[in-house]
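For reference, the structure is listed below as structure tokens.
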Amino acid sequence: MNSILQCVSNTEILTKLFQSDDYKSQLNHDNPLGHGGKLAKAYAKLIQDMWCGAYSKVIPREFKTTIGEFQPQFAGYDQQDSQEFLGFLLDGLHEDLNRVVKKPHVSKIESKGRPDSIIANESWRRYLLRNDSSVVDSCFGQLKSHVTC
């Protein structure tokens, strides 16, 4: 958890958002995929403590307790996969701040015979119809992979 918190807390655009309390106007308390704003509030408190300059060290006990409430695999002190924690944290913050109140149904994109760039643009536009937050603005993107066996 420490390595991920160090990395994410050094993402300037997100840290400024949570330091300044600007995130509060973006909270989506009603998002069924979110955490009622609790994760975002706990993260904001942690960021404010980390960057206020008043402490030589910060113990994220309260933040860890909040994380454990929503994702039990992170509740204890067992070793956890950093990538899984990063995914949970970014997705949780995103859903707590998602500007989309009512997510529309989006149909599958027909890709057969169409250029990748067209499909990518259409996919991203459709993604943003359901997912729009400061976290998406600063941390999300697209990746195309091709596996040949």
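FYI, the numbering for the sequence shown is 1 to 149, going by the UniProt record's numbering.
All C-beta atoms, glycine included, are put in the ideal place defined by N, C-alpha and C.
What's the C-alpha gap between residue i and residue j?
{"i": "Gly-92", "j": "Asn-2", "result": "17 Å"}
{"i": "Val-106", "j": "Leu-128", "result": "11 Å"}
{"i": "Asp-21", "j": "Asp-78", "result": "32 Å"}
{"i": "Asp-137", "j": "Ser-9", "result": "16 Å"}
{"i": "Ala-75", "j": "Gln-142", "result": "30 Å"}
{"i": "Ser-82", "j": "Ala-40", "result": "19 Å"}
Just confirm the distance between the C-beta atoms of residue i and residue j, as a whole number of angstroms; I'd bet it's less than 8 Å.
{"i": "Lys-38", "j": "Thr-66", "result": "6 Å"}
Comparing alpha-carbon positions, which option in the options lies nearest residue i?
{"i": "Arg-61", "options": "Lys-108, Tyr-43 and Ala-54", "result": "Tyr-43"}
{"i": "Glu-122", "options": "Glu-84, Asn-131 and Ser-111", "result": "Ser-111"}
{"i": "Phe-140", "options": "Asn-98, Ile-118, Asp-116 and Gly-113", "result": "Asn-98"}
{"i": "Asn-31", "options": "Lys-144, His-94 and Asp-78", "result": "His-94"}
{"i": "Arg-130", "options": "Leu-89, Gly-87 and Leu-33", "result": "Leu-33"}
{"i": "Val-101", "options": "Lys-16, Asp-132 and Ile-13", "result": "Asp-132"}
{"i": "Pro-72", "options": "Lys-57, Phe-88 and Ala-54", "result": "Phe-88"}
Please classify residue i: is it buried, with 16 or more other beta-carbons within 10 angstroms of its beta-carbon, or exposed?
{"i": "Val-147", "result": "exposed"}
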